[in-house]
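Numbering (the numbering used here), first residue to last: 202 to 542.
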């Protein structure tokens with residue numbers, strides 16, 4: 202049985218922040234958890250997600266601000282919402298917490314609760330950061346999540362409890378049961394650590410350390426039974442691809458019941474290739490094959506004519522006022538149209 206490290210105190214996604222321990226080098230079991238009851242499941246889905254008969258079960262994978270945007274979109278039409286979140290961040294507040302007490306990176310998990318929570322003070326202030334002292338830079342929600350995980354030694358149960366506290370309209374689950382790090386292959390070197398990967402040039406492949414990091418059964422079950430699985434948008438390597446690197450997650454994606462929709466960024470991000478054909482190719486090389494590539498018709502980005510295995514490319518108007526990020530309402534409408542069509 203894996204046990205999280207006990208708290209030892211300390212100071213601590215912030216891909217723009219340095220992460221001690223990021224490395225450049227030459228190339229070369231799940232925690233126990235309390236069963237979720239029927240009553241728990243009802244509370245975790247919540248009234249805000251609709252629970253409407255015939256509304257789809259939607260599972261969204263990724264990390265960072267992109268996944269939070271997708272969740273705000275999905276909650277507008279889904280009957281059941283599940284977020285599957287990469288927990289490999291090693292920068293900023295998340296990195297400091299990982300180095301101080303171990304456990305998964307809480308930052309992207311917190312963002313999901315901000316997107317799915319109610320209008321309470323706790324939901325609204327999950328992202329509030331301390332401005333001075335030992336806690337300077339830490340987000341309130343990061344400390345809450347990390348504290349519950351460390352105290353209870355059960356990641357999924359801790360996240361379910363946070364979901365109840367903020368009256369989340371969906372469930373937030375980690376992509377892996379144990380803390381992991383990202384490793385990028387550039388062809389000549391391997392770069393380790395999410396912050397370092399975000400800055401790396403010429404990435405051609407990705408893996409996790411440990412490579413056999415398991416995913417919770419709750420995570421793989423949500424992927425398999427979803428009527429629609431949504432991947433992205435977000436930083437291609439450290440959010441989108443990172444959420445799919447677990448062997449268990451890839452297996453669940455292959456066995457999914459519903460279509461996998463890849464939501465393309467409106468503009469090229471600094472990590473991924475400019476051509477979306479290369480995004481599809483890199484995903485396929487990591488055993489992930491979308492059924493639909495959803496693009497903004499006005500973005501002007503190069504797109505493939507079709508996807509491998511008979512997948513299709515669908516264009517819709519999804520840009521927000523700044524034209525660089527998705528509008529959740531428009532994205533929700535486009536995803537709902539895909540399900541209904």
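Quick reminder that beta carbons are idealized off the backbone N, C-alpha and C, glycines included. In this text, all values refer to a predicted model and were calculated from it rather than measured experimentally.
Asked, Found
"When the Cα atoms are used, what is the spatial distance from residue 527 to residue 520?", "5 Å"
"Report the rounded CA-to-CA distance for residue 317 versus residue 506, giving the unit in angstroms.", "35 Å"
"Residue 379: which of 424, 535 and 414 sits nearest, CA to CA?", "414"
"Could you check where the alpha helix (DSSP H) with residue 529 kicks off and where it finishes?", "529 to 541"
"Would you decide whether residue 307 is buried or exposed? Buried here means 16 or more other CB atoms lie within 10 Å of its CB.", "buried"
"Can you round the beta-carbon distance between residue 421 and residue 453 to whole angstroms, since I take them to be within the 8 Å contact cut?", "4 Å"
"Are the CB atoms of residue 436 and residue 472 nearer to each other than 8 Å?", "yes"
"Considering only DSSP beta bridges, list what residue 330 is partnered with.", "340"
"Mind checking which residues open and close the alpha helix (DSSP H) that includes residue 489?", "First-last for residue 489: undefined, no H or E at that position."
"Give the single residue among 504, 304, 287 and 497 whose Cα lies nearest to the Cα of residue 344.", "304"
"Assuming the contact rule is C-beta atoms closer than 8 Å, residue 451 and residue 488 should be a hit. Round their C-beta distance to whole Å, please.", "5 Å"
"Please go through the same chain and pick out, in chain order, the residues whose beta-carbon is closer than 7 Å to the beta-carbon of residue 426, but skip the five residues on each side of it.", "258 and 458"
"With burial defined as no fewer than 16 other Cβ atoms inside 10 Å of the residue's Cβ, what is the status of residue 239: buried or exposed?", "Because the pLDDT of residue 239 is 30, which lies under 50, any placement of that residue in the model is unreliable, and the number read from its coordinates should be weighed accordingly. Exposed, by the Cβ-count rule."
"Please classify residue 430: is it buried, with 16 or more other beta-carbons within 10 angstroms of its beta-carbon, or exposed?", "buried"
"Taking residue 362 as part of the beta strand (DSSP E), name the residues at either end of that continuous run.", "No beta strand (DSSP E) holds residue 362; the alpha helix (DSSP H) holding it covers 356 to 366."
"With a threshold of 16 other CB atoms inside 10 Å of the CB of residue 365, please say whether the residue is buried or exposed.", "exposed"
"Apply the 10 Å Cβ neighbour rule to residue 295 and answer buried if 16 or more other Cβ atoms are within range, or exposed otherwise.", "buried"
"Using three-state DSSP, classify residue 388 as helix, strand or coil.", "coil"
"Where do the ends of the alpha helix (DSSP H) carrying residue 545 lie?", "No answer is possible for residue 545: the residues shown for the chain start at 202 and end at 542."
"Along the beta strand (DSSP E) that carries residue 396, what are the first and last residues, could you check?", "Premise fails: residue 396 lies in the alpha helix (DSSP H), 395 to 400, not in any beta strand (DSSP E)."
"When the Cα atoms are used, what is the spatial distance from residue 480 to residue 315?", "28 Å"
"Return helix, strand or coil for residue 296, following the three-state DSSP convention.", "helix"
"Using the C-alpha atoms, what's the distance from residue 272 back to residue 524?", "19 Å"
"Buried or exposed: where does residue 320 fall if 16 or more other Cβ atoms within 10 Å of its Cβ makes it buried?", "exposed"
"Relative to the alpha-carbon of residue 514, which residue among 497, 529 and 282 has its alpha-carbon at the smallest distance?", "497"
"In the structure shown, what three-state DSSP assignment does residue 373 receive?", "strand"
"Between the segment 398 to 412 and the segment 320 to 336, can you find at least three pairs of beta-carbon atoms closer than 8 Å?", "no"
"Judging by CA-CA distance, which residue of 397, 424 and 477 is the nearest neighbour of residue 291?", "397"
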